[in-house]
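**Student:** For the sequence shown, the residue numbers in mature numbering (1 follows the signal peptide of the UniProt record, and there is no 0) are -28 to -1, 1 to 639.
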Amino acid sequence: MNPSITRRRFLGAAALALPVLSSGKLMAQDAREALGPKQGKAKGGPHPLQALMQAKPAPLRAELRGVHPRVFITSAGLADLKQRATTTHKAEWQQALAGLVAMKQDPAPSPAQKRRAQNTVAIGIAGAAMAYRIEGDERYLAAARKYMEAAVSYPVWGYTYSKPNVDLAAGHLLYGLGMGYDLLFDVLTEDERKRYRDKLAHQARLLAAHFAPKPGKTFSYSQNHCFIPIAGLAIAAYAIWDEVPEAATWAAQSRAIFSRVLDVASPDGYFYEGVEYWVFSMPWIIHALDAFAHAAGDDLYDHPALQKAHLYMAHSLTPNGQDIFDFGDAFEGPLTRSRHGDEAARTHPNGKLHSNYNLIYRLAARFKSAEAQGVADWMKSLGHVCAEDFWTLQWRDASITPAPITALAPHHHFDDLGTVYWRSDWTDKATAFAFRAGPPEGHHAATLFDKLPDWHLSMGHSHPDAGSFILYANGTYLSGPMGYAGIPRSNLSNTVLIDGQGQANEGHGHDAFADYPYARLDTIRLTTVNLASDRAEIVADLTGAFRQELGVDKLERRFTYEAGAWTTTDRLRASRPVVLTAQVHGDTTIASRGQQRYLVAGKPAALQVDIKTAGARAVVEKGVVTAAGPPGNVDKGPREERGSVLRISMPAARETSIITTMRPVNG
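Printed below as a string of C-alpha cells:
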C-alpha cells in the first residue's frame, strides 16, 4: 500500500473517573468524528502543549543554519549514500530508480481533487529529488521541478470539501515540497526558491494555525489525521528555517505534538488502527522523528512502541506472506483476499503486499536490532512493495547481521491491546490464528486521561470486535472479518452478539466507541493466555464490551487450539433473558453438511464447523457491509455483500452457553 494513500478510506465510580468518548463537530471521517484538533470549553491556565513548546523547542542545529541539504541529511551524508548506491545497496537503489513515480507519470493537474492525487505528487517530488542528488542525472531534476510546480499550482492542499489545507494531503505536500526545496536548494533559481518557499510558508501557516494550542483545545494524538499533517509541518519548518521567522514556532509546535503522539502510543508495539493504517501512517512517524533527530539533534526514538513495531508487522502476516490478520479498518475482506475490487491493485500490486517493510530497516538501524533487520529481510524476500523505495538507501544498515525469521517466537501476546497471534512455524504451510479482546486503544490509555487532558480519542478505524478470531491453515484464509467499514459493527467479525446487537455504540457512524465510557472498555481483557508449540488456550472477559442496557452480567469466551481444531466456548449470565449468538464468517459460501455441521468454503482448504450445543439454531446469511464513503462522509458508503456468515444462536435465557468446534478440511 502506498503511504501517499489514504482511504476513501459503568462501573460506578470507576466509570466516572474516566472520560466518555465524545465525538466532535468538525467534518472528518464522518460528521461526528473529530480528527486532529477539537475545540472545547476553555479552562484556566495555558495549554499543556505551550509548556512543551517552551521546554523542548527543537531548534535547528546551529551548524545547519544557512546550509542545504539539512533536514534529513547533509552533503557529506549524500556522499556516503552515493557510495552505497554502487556497492552494498546497488540492487535496492536500482529498484528504487525503476519505481520512481515522477518518472512514470505526469503530476495531476490543478486542482488535483481526485482521491490521493496530491499525496502521490508529494512522494514524486521526494523520490525525484533524492534520485537527482545521488545520480546527478538532469532527467530526475526536471521531473522534480515538474512535480514541485504542480504542488505550487494547487490552490488548496487537500480536498476542497473536507478539511482543506489542514489534513493528510497538506502534510504530504509540506513533506514533499519541503524535501525538494532542501535537497535541490543549490540548483534552484532564485525565482524557484522564492516560489517554493512562499508556498511552503503559506500552507504551513494555515496548518499551524489549525493545530495551534489554545485553551480548551484537545487533539487526537493517536490518530493519523493528527500526526501526518504535523510531520509535514516539522519538515517544512526545518527546510525554510532561515528565511521564515515563524518556522521556529512550527518546529516547536510539531515537536510538542509528537511528544504526545509517543506518550499515547501503545507500549506493546501494536498499532490500534490496523495493519493498513500502520502501512500508511508509520512513514510519517519515521519522517518526523528523523527530522527532529537530524535537523534539531533531538532524538525521540527511544519508545517501546517503536522498539517492538517489527513484532506487530511480523505476526500480522498470514503464513502465505501476502495477506494479513485484518483486525480493524484493513483492506476489504473477501474482496482483497481474492484480489478483486478497486483496491487490490493498490494494496497488492502484482499480487504482492504493499507493506512498506523498509520502515523496519530504519527501526532496525536505530535500535541496532538483528531481530528487526531479520523481519525486514523476510518481508523483502516475500516480494513486498514499498512506496518510498528510495529511503532504503539511507535506512538499511548493512552492518547489522539479521536474525533469521525462524529465531522469532511463532506466537506473541500483545498484552496492552489484548491481541494474540499464534502459528505452528514460520513456513507458508503453517497453521495460524489471531484472537483479540481488549480496549480499542489499549489498557494503557485508561491510565493517561487524567495526565493528558489535551488528548481526545478518535477510534473509528478500530472495530467493535472484542472476542473475535481469524483462522488460517493449509494455505487458506479460513475465516475472519469483512474488512474496512464505513460503519463498523460486531456482525462483521467472528465475535458474539446479544439480542442481535453488537458492542459499544455501534451503528451510529464510523466510530463505534463514541460516547462509550473507556472505563467499561478497559474491563475487556484476556484473563488467561497459555501458548505452546502445539496448543493454545485463551480466555476473554467480554462483559464490558456491551452496553449495560443489554443486561449482560458476565460474558466469557474461551478459545482453544489443540489437535488441529479450534473450539470456542461462550458462557453468558444476564439480568434478563437474552439471545446469545456466535458467528463464523466465510469469504464465499457456507453450506449445511448435516445436523449441526456446516462447511465454510475455501481453496485449497475449507473450514468444518460443528455446533456442540444442543438446542442451538443456526442460519447462514450474506455478509453485508456499509463500505467506506468519500472523505468527510466515510459512513455514507454503499452497502456491499462480502462473503457469508454462519450465526449460531441459543433461545433467550438468563444463563446459556454455545460451544463450537472448527477444523480445516479439504476444500
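Cβ atoms here follow ideal geometry from the backbone N, Cα and C, with glycine treated the same way.
Going residue by residue through the segment 423 to 478, where are the continuous beta strand (DSSP E) segments of at least 3 residues, counting only ones entirely within it?
**Tutor:** Counting only runs of 3 or more, we get 440 to 445, 448 to 451, 468 to 470.
**Student:** From Ala535, Ala624, Arg334, Ala316, pick the residue whose C-alpha is nearest to that of tyrosine 273; which is it?
**Tutor:** Minimum Cα distance to tyrosine 273 is reached at Arg334.
**Student:** Quick one, which of Val581, Asp240, His356 has its alpha-carbon nearest threonine 633's?
**Tutor:** With distances taken between Cα atoms, threonine 633 lies closest to Val581.
**Student:** Just mark proline -26 as buried or exposed, buried being the case when its beta carbon has 16 or more other beta carbons within 10 Å.
**Tutor:** Residue confidence for proline -26 is low, a pLDDT of 35 falling below 50, so the modelled location carries little weight and cannot support an answer.
**Student:** Once the 5 residues before and after leucine 50 are set aside, which same chain residues still bring their CB inside 8 Å of it?
**Tutor:** Pro41, Arg105, Ile106.
**Student:** Lysine -4: buried (16+ other C-beta within 10 angstroms of its C-beta) or exposed?
**Tutor:** Since pLDDT at lysine -4 reaches only 33, below the 50 mark, its modelled position is unreliable, and the value read off the structure follows with that caveat. By the neighbour-count rule (16 or more Cβ atoms within 10 Å), lysine -4 is not buried but exposed.
**Student:** How many angstroms separate the CA atom of proline 187 from the CA atom of histidine 428?
**Tutor:** Cα to Cα, the separation comes out at about 14 Å.
**Student:** With the cut-off set at 7 Å, would you say alanine 404 and proline 291 are in Cβ contact?
**Tutor:** Closer than 7 Å, so yes.
**Student:** Answer yes or no: do tyrosine 244 and proline 411 have a C-beta to C-beta separation smaller than 7 Å?
**Tutor:** Cβ atoms of tyrosine 244 and proline 411: not closer than 7 Å.
**Student:** Taking the beta carbon of aspartate 78 as the centre, do at least 16 other beta carbons fall within 10 Å, making it buried, or is it exposed?
**Tutor:** Aspartate 78 should be labelled exposed.
**Student:** I'd like the ranges of any alpha helix (DSSP H) spanning at least 4 consecutive residues and lying wholly in the segment 485 to 533.
**Tutor:** With a minimum length of 4 residues, the continuous alpha helix (DSSP H) runs that stay inside the segment 485 to 533 are 490 to 493.
**Student:** What three-state label does DSSP hand glutamine 225 in the structure shown?
**Tutor:** Note: glutamine 225 maps to helix in three-state DSSP.
**Student:** Specify the secondary structure class of leucine 552 as computed by DSSP and reduced to three states.
**Tutor:** It is a strand residue.
**Student:** Select from Gly458, Thr499, Asp559, Asp487 the residue whose C-alpha is nearest the C-alpha of leucine 610.
**Tutor:** A small fix is needed here, since residue 610 is proline in this sequence, not leucine. Measuring from the Cα of proline 610, the nearest candidate turns out to be Gly458.
**Student:** With which residues is tryptophan 350 paired in a DSSP beta bridge?
**Tutor:** Note: tryptophan 350 sits in no beta bridge, so no partner.
**Student:** Leaving out five residues on either side along the sequence, give the residues of the same chain with a beta carbon under 6 Å from the beta carbon of valine 93.
**Tutor:** Answer for valine 93: Pro79, Tyr119, Ala122, Ala123, listed in chain order.
**Student:** In its own chain, which residues sit with a C-beta less than 7 Å from the C-beta of tryptophan 363, not counting the 5 before and 5 after it?
**Tutor:** Around tryptophan 363: Asn330.
**Student:** Note down, in chain order, each residue of its chain lying with its Cβ closer than 8 Å to the Cβ of phenylalanine 199, except the 5 sequence neighbours on either side.
**Tutor:** For phenylalanine 199, where only same-chain residues beyond five positions count, the Cβ hits under 8 Å are Tyr193, Ile229, Phe230, Val233, Ser253, Trp256, Ile257, Ala260.
**Student:** Mind checking which residues open and close the beta strand (DSSP E) that includes serine 629?
**Tutor:** Taken as a continuous stretch (DSSP letters only), the beta strand (DSSP E) holding serine 629 covers 625 to 638.
**Student:** Is it a yes or a no for the segment 359 to 375 touching the segment 467 to 476, going by three-plus beta-carbon pairs under 8 Å?
**Tutor:** Segments in contact, no.
**Student:** Would you say tryptophan 394 and histidine 383 are within 7 Å of each other, going by their C-beta atoms?
**Tutor:** Yes, they are a contact pair.
**Student:** So who's on the other strand from isoleucine 257, going by DSSP bridges?
**Tutor:** Per DSSP, none; premise fails for isoleucine 257.
**Student:** Nearest by alpha-carbon distance to glycine 481: which of Gln567, Arg545, Asp607 is it?
**Tutor:** Ranking the options by Cα distance to glycine 481, first place goes to Asp607.
**Student:** Work out the CA separation of histidine 557 and glycine 323 for me, nearest whole Å.
**Tutor:** Computed Cα separation, rounded: 24 Å.
**Student:** Between the alpha carbons of tyrosine 570 and threonine 561, how many angstroms are there, rounded?
**Tutor:** Looking at the two C-alpha atoms, the distance is approximately 10 Å.
**Student:** Closest by CA to alanine 30, which one among Asp271, Glu164, Arg461?
**Tutor:** Cα-wise, what sits closest to alanine 30 is Asp271.
**Student:** Whole-angstrom Cβ separation of aspartate 178 and valine 138, contact assumed at under 8 Å?
**Tutor:** First, the residue type needs correcting, since residue 178 is leucine and not aspartate in the sequence shown. Indeed, because the Cβ distance is near 6 Å, the residues count as touching under 8 Å.
**Student:** Count Cβ pairs between the segment 441 to 459 and the segment 286 to 304 that sit closer than 8 Å; are there 3 or more?
**Tutor:** Flag = yes, the segment 441 to 459 and the segment 286 to 304 touch.
**Student:** With a threshold of 6 Å (Cβ to nearest heavy atom), would asparagine 322 be considered close to the ligand SAH?
**Tutor:** Among the components modelled here there is no ligand, and therefore nothing to report on the ligand SAH.
**Student:** What beta strand (DSSP E) runs, 3 residues minimum, are completely inside the segment 366 to 402?
**Tutor:** Correct list: 383 to 386, 391 to 395.
**Student:** Rounded to a whole number of angstroms, what is the C-alpha to C-alpha distance between leucine 113 and isoleucine 97?
**Tutor:** Going by the C-alpha atoms only, they are around 10 Å apart.
**Student:** Can you give the Cα-Cα distance for valine 73 and glycine 99, rounded to whole angstroms?
**Tutor:** The alpha-carbon atoms of valine 73 and glycine 99 are separated by roughly 8 Å.
**Student:** Just reading off the beta strand (DSSP E) that aspartate 109 is part of, what are its end residues?
**Tutor:** First-last for aspartate 109: undefined, no H or E at that position.
**Student:** Helix, strand or coil for proline -26? Go by DSSP, reduced to three states.
**Tutor:** Unreliable positioning characterises proline -26 in this predicted model, as indicated by a pLDDT of 35, which lies under 50. The coordinate reading is nonetheless provided below. If DSSP states are grouped into helix, strand and coil, proline -26 belongs with coil.
**Student:** By DSSP's criteria, tryptophan 538 is part of a beta bridge. Which residues make up the other side?
**Tutor:** DSSP, once it has assigned bridges, lists Tyr533, Met634 as partnering tryptophan 538.
**Student:** Could you tell me if serine 238 is buried or exposed, where buried requires 16 or more neighbouring beta carbons within 10 angstroms of its beta carbon?
**Tutor:** Label assigned to serine 238: buried.
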